[in-house]
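Q:
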Amino acid sequence: GESVGLHLPTLSVQEGDNSIINCAYSNSASDYFIWYKQESGKGPQFIIDIRSNMDKRQGQRVTVLLNKTVKHLSLQIAATQPGDSAVYFCAEKKGGGGNKLTFGTGTQLKVEL
Amino acid sequence: NAGVTQTPKFRILKIGQSMTLQCAQDMNHNYMYWYRQDPGMGLKLIYYSVGAGITDKGEVPNGYNVSRSTTEDFPLRLELAAPSQTSVYFCASRDSGGASDTQYFGPGTRLTVL
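Heads up: the sequence lines are chains A and B, in that order.
Quick note: the first sequence uses the working numbering, first residue 1, plus one each step.
Quick note: the second sequence uses the working numbering, first residue 1001, plus one each step.
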């Protein structure tokens, strides 16, 4: 899961296994959530998003689950590959002007061969 | 489309120097954002703009200024660099129309203030 601090939580998985990365969000009024992947030395890259009127959305090898009751978001990656190694961030849109996103601190995913 | 581009990629400044980080996008997006990312942390919003001529403060605006004279460009200015501004800076843009709230990011500028 995600936490505040200098040390990123790390998830290590074997190649081919499924990965689940968790995120707790803060605002029950947030209406949009998004997952980004950030490889070392690069900018965040969009993976998948979901609106608050849904509880599940699937993409290619990725699924996002939203549990509004406990304010929890998860990203599932099927058949994890070495290229999936990166830091994953969740972000929420809390409303207000500018459609601003608030980011979590990230989870480091390490794929072991 | 090149997407969101940022220059320079790297820069070292001395305390008290000034510089401008450049950001441009060719997607005709009205919304643009500047973030900073400190080691092991998420992104913090510095400033944002909802269109040419309109800018507003984000979460951590102190020590920075922005302008938005065109839709394409959104430069970030540091007037008196301080060590606390050592960070990686990301620019992002978003389409104001349509159903997507996705922000698209540039590759970042790594700034060190000594």
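No residue lacks a Cβ here, since even glycine has one placed at the ideal position from N, Cα and C.
Does DSSP put A/Asp49 in a helix, in a strand, or in coil?
A: Three-state result, A/Asp49: strand.
Q: Distance cutoff 9 Å, beta carbons only. Does B/Val1066 sit that close to anything in chain A?
A: no
Q: Between which two residues does the beta strand (DSSP E) harbouring B/Met1019 extend?
A: Looking at the DSSP string, the run of the beta strand (DSSP E) that includes B/Met1019 is 1019–1025.
Q: Could you give the DSSP three-state label for A/Gln60: helix, strand or coil?
A: Correct three-state label for A/Gln60: coil.
Q: Give a yes or no on whether the C-beta atoms belonging to B/Arg1036 and B/Val1060 are separated by under 9 Å.
A: yes
Q: Where does the unbroken beta strand (DSSP E) through A/Lys68 begin, and where does it stop?
A: Unbroken run through A/Lys68: none, as it is neither H nor E.
Q: Assuming contact is defined by CB atoms lying nearer than 9 Å, are A/Tyr105 and B/Gly1042 in contact in what I supplied?
A: It should be pointed out that residue 105 of chain A corresponds to Thr in this sequence rather than to Tyr. Yes, the pair counts as a contact, with Cβ atoms nearer than the cut-off.
Q: Should A/Glu92 be labelled buried (16 or more other beta-carbon atoms within 10 Å of its own) or exposed?
A: buried
Q: If you run the structure through DSSP and keep just helix, strand and coil, what is B/Gly1016?
A: In this structure, B/Gly1016 counts as coil in the three-state DSSP scheme.
Q: Answer yes or no: does any C-beta atom of chain B fall closer than 9 Å to that of A/Lys93?
A: yes
Q: Rounding to the nearest angstrom, what Cα-Cα distance links A/Gly5 and B/Pro1039 in this structure?
A: Any reading at A/Gly5 must be qualified, since the residue scores a pLDDT of 35, below 50, and its modelled position is unreliable; the value itself is stated next. Using only the alpha carbons, I get a separation of about 10 Å.
Q: To be precise: take each residue of the stretch 1071–1092 of chain B, compare its Cβ to all Cβ atoms of chain A, and keep it if any distance is under 7 Å. Which residues remain?
A: Phe1090
Q: Report the residue ranges of all beta strand (DSSP E) runs contained in full by the stretch 1008–1094 of chain B; include only those spanning at least 3 residues, in chain order.
A: 1010–1013, 1019–1025, 1031–1037, 1043–1051, 1054–1057, 1064–1066, 1076–1078, 1087–1094
Q: So with Cβ pairs under 9 Å, would you call A/Leu8 a contact of chain B?
A: yes
Q: List the residues of chain A that B/Phe1105 touches, going by C-beta distances under 7 Å, in chain order.
A: Below the 7 Å Cβ cutoff, chain A contributes Gly43, Pro44 as neighbours of B/Phe1105, in chain order.
Q: Please state whether the Cβ-Cβ distance between A/Gln76 and A/Thr63 is less than 9 Å.
A: yes
Q: Tell me where the beta strand (DSSP E) around A/Glu112 begins and ends.
A: 107–112
Q: Quickly, what does DSSP pair A/Tyr88 with across the bridge? List them, please.
A: A/Lys37, A/Thr107
Q: Please list, in chain order, the residues of the stretch 21–44 of chain A that have any C-beta partner in chain B closer than 7 Å.
A: So the close ones are Tyr32, Ile34, Lys42, Gly43, Pro44.
Q: Just checking my contact of B/Arg1068 with B/Gly1053 at CB under 8 Å: how many whole Å lie between their CB atoms?
A: 6 Å
Q: If we ignore side chains and look at the alpha-carbon of each, how far apart do A/Lys37 and B/Leu1080 end up?
A: 33 Å
Q: Grab me the residues of A/Leu65's own chain with a C-beta within less than 6 Å of its C-beta, minus the 5 sequence neighbours each way, in chain order.
A: Lys56, Ser74
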